[in-house]
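A short worksheet on the structure shown next.
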Amino acid sequence: MRDWLRPVLASAALLILLVLGAMILFLTYKSVPVLSREGLSFILDSGWIASEGGEEYYGIAAALLGTLYTSAIAVALALPVSVSLSVFVVEMAPRKIRTVLEGAILMMALLPTVLYGLWGLTYLGPFLLRYVMCPLHGSLGWFPLFSEEPKTGNTILTAGVLLAIMITPYMTAIIKDAYSSIPREYREGLYALGTTRAEAILVLLRMVKSSIAVAVVLGLGRAAGETVAVSMVVGNTMGISISPFRPGYTISSLIANQFGNAFLYRLMPSALYGSALILMGISTAIAVLGLWLARRWSIKWRI
Amino acid sequence: MTVLVALAYLVHPYLIAPSGVLVGSGATFPQAQLEAWMSSFNNAGFPFKVEYVGKGSGGGQSDLSAGVVDFICTDPPLSSELWARLKERGDLVEFPFILGAVVVTYNLPGVDRLRLNGSVLAGMYMGYIRYWDDERILALNPGLRGVLPHREILLVHRSDSSGTTFLFTSFLSLSSEEWRRSVGRGKLVRWPVDELGRGLGGQGNLGVSQLVMENQFSLGYVEWSFALQLNMPIAELSGKSGDFTVPTVEGLVEVADSALRILDRGPEDDWDGDVDVLLETAFSSGYPLVGWSHLVFYRGDGRILQWLSWIREEGTTVPGYAPIPDWFWEEVLE
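Protein chains in written order, with my numbering: chain A, 74 to 376; chain B, 8 to 341.
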């Protein structure tokens, strides 16, 4: 039994490694023309100058910063919501409400991203413009982040908030599973020590911080990779600014916007593969960091 | 990418199409018109059907080179070099077959008539005409003094590489020396207003239309047929003559008529460079943002001629397009 099972299962592992390796090789190979021509200025410079037969120049700094900015906003908003939601579902919600909530979270995770995009464009963007950006600019306009006068709902902030809504179900699922799998004895022990409910929850959350790290990594990865919804709300323009009230770009939406006609140009396909390679590099770095934290913080239950 | 291409070919209709189908691909600009023609033609009892895949002019040209389609539509004509290369393979013909226009649309509550010209539009997209009540806009619209708000203008443009952008930026280059020198024209350009945080990019005509409709105080350019379909306001534009007009079918046909007489080319000829002639004619004598799309195919397949004769006799033009002048059709179908 063991003799045939092992190679069968190992081949799945091998396949994953092969596919990943092939993708990295392919992207690197395709990025060579643009990287060898432009070097570091490909990621440090901003501009997307295409011309059939003429001079071309591609710099993805604006899109790169946009990706980091929107993903950071998304995780910063989604993390407290996911943690609170997980604790509420496990600790406090009556069984019926818990079932409804779990169903809703699952449904949110399954909705097609283009629906989020359409909703973001027609409702979320105008809503944030009117009830968040304008009031923030009006009352805290001296603060550099809010000093830009908001003019449109298609901004970095809208993309970040939309992404937060999209990654919350995933992050919640991971945190909730970890939180609810803490053995009962720990909870009983805590209460036996005379802790309040809030104190007990804080201790229990600290026990699952490795899973929270994994949730953050997955959330960041999904946010950075999301394409359709973001390109519908982010505004798709190359400008570098610290203001979240401005339109911007992300690497994924850049690829989605430009890929269709990229082959009209000599260097643009390479620039797009190069952007994908950079995106992959960032995701890998985040994943490595997250997994390292998760391993460091992981706890073996001892009862 | 190889995998993507393989997948695309797997699901592509023309590889699984039965032989009774005339298959074309290419520009999306004439797609709405082609679809209207095809749906009547395909139900008119002919022994074959026509199918079209809109994938962009570039995609159409590479399909023609690969020999996988019966005809293609392309907004810019084949380059002289490609024309010469493909002509060696057979009796290739090319000619403009449908007219369209690009319109400037806007989202300004309470304003149903707006006049603009190329130099004001260039100033807006460069960023130095910043507010709707700018004197340069008011000078063209004296009746709107007090109506146009003191609000910043949001400028919407295509984010993908597109022939619509090429027509629009050509018009700006013809109108404004400053635009021509600092930005120029192309399917994809660097929009100065983006760096000021007042630009927005939308994918496709639909993306631009959605952004204009969702953002108050914005302005953008889309294909005429889209603006009509979505019931969006259309700005009156002027070219060299200074007369303001919205596109009309008669106006477009007139411009194409003059341009075709100046060009004096037939289906056997290389059409490279014709778009400039069309744009300059339009700029000096009518609505300035006129475009056309070319049909390219190898002669020898009787079905294409049969379809074209049907178009000439029975095909109706849908809103947002105008037919090529009749005498030119006659010359083509000789």
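We treat Cβ as the ideally placed atom computed from N, Cα and C, and that holds for glycine.
The Cβ atoms of residue 197 of chain A and residue 225 of chain A do not sit closer than 9 Å to each other. Scanning its chain for C-beta atoms nearer than 6 Å, with the 5 sequence neighbours on each side dropped, one finds around residue 194 of chain A the residues 305 and 306, in chain order.
Taking CB atoms only, residue 224 of chain A has a neighbour in chain B less than 9 Å away. Under the 9 Å criterion on CB atoms, residue 87 of chain B is classed as non-interfacial with respect to chain A. The residues 301 and 302, in chain order, have a CB closer than 6 Å to that of residue 186 of chain A in the same chain once the five nearest residues on each side in sequence are set aside. Contact check for residue 260 of chain B against residue 326 of chain B fails: the beta carbons are separated by 9 Å or more. Residue 210 of chain A and residue 340 of chain A have their C-alpha atoms some 41 Å from each other.
In this structure, the CA atom of residue 327 of chain A is about 34 Å from the CA atom of residue 245 of chain B.
Taken in chain order, the stretch 205-292 of chain A contains no complete beta strand (DSSP E) segment of 3 residues or longer.
In the pairwise beta carbon analysis, the stretch 319-338 of chain A is classified as not touching the stretch 221-228 of chain B: fewer than three pairs are separated by under 8 Å. The C-beta of residue 222 of chain B comes closer than 9 Å to at least one C-beta of chain A. Residues of chain B whose Cβ lies closer than 7 Å to the Cβ of residue 221 of chain A are, in chain order, 204. Cβ-Cβ separation between residue 145 of chain B and residue 161 of chain B: approximately 19 Å, too far for a contact (criterion under 8 Å).
In the three-state reduction of the DSSP assignment, residue 136 of chain B falls in the coil class. Closest in alpha carbon position to residue 323 of chain A, among A:315, A:181 and A:311, is A:311. A Cβ of chain A is located within less than 9 Å of the beta carbon of residue 197 of chain B. Residue range 161-165 is occupied by the beta strand (DSSP E) that includes residue 165 of chain B. With distances taken between CA atoms, residue 368 of chain A lies nearest to A:283 out of A:134, A:283 and A:111. The continuous alpha helix (DSSP H) containing residue 67 of chain B extends over residues 64-73. Pairwise C-beta distances place the stretch 237-255 of chain A in contact with the stretch 149-160 of chain A, as three or more of them are shorter than 8 Å. Using a Cβ distance threshold of 9 Å, residue 289 of chain A and residue 148 of chain A count as a contacting pair.
Between residue 285 of chain A and chain B, the shortest Cβ-Cβ separation is not below 9 Å. Around the C-beta of residue 257 of chain A, fewer than 16 other C-beta atoms lie within 10 Å, and the residue is accordingly described as exposed.
With respect to chain A, the C-beta atom of residue 201 of chain B has a partner C-beta closer than 9 Å. In this structure, residue 278 of chain A keeps its C-beta atom at 9 Å or more from the C-beta atom of residue 97 of chain A. DSSP places residue 338 of chain A in no alpha helix (DSSP H); its state is neither H nor E. The three-state reading of DSSP puts residue 102 of chain B in strand, counting E and B together. When DSSP states are grouped into helix, strand and coil, residue 230 of chain B belongs to the strand group. Under the three-pair Cβ rule at 8 Å, the stretch 83-95 of chain B does not count as touching the stretch 258-273 of chain B. Residue nearest to residue 250 of chain A within the set A:218, A:107, A:227 and A:281 is A:281 (criterion: CA-CA distance).
If you draw a 10 Å sphere on the C-beta of residue 50 of chain B, you find fewer than 16 other C-beta atoms in it, and that means exposed.
According to the DSSP assignment, residue 81 of chain B belongs to no alpha helix (DSSP H) but to the beta strand (DSSP E) extending over 78-81. Measuring C-alpha to C-alpha distances from residue 318 of chain A to each of A:223, A:168 and A:216 identifies A:223 as the nearest. Residue 177 of chain B is positioned such that its CB atom lies closer than 9 Å to that of residue 283 of chain B. Out of A:82, A:119 and A:111, the CA that lies nearest to the CA of residue 201 of chain B is found in A:119. Within the same chain, no Cβ atom closer than 8 Å to the Cβ of residue 254 of chain A is found once the five residues on either side in sequence are excluded.
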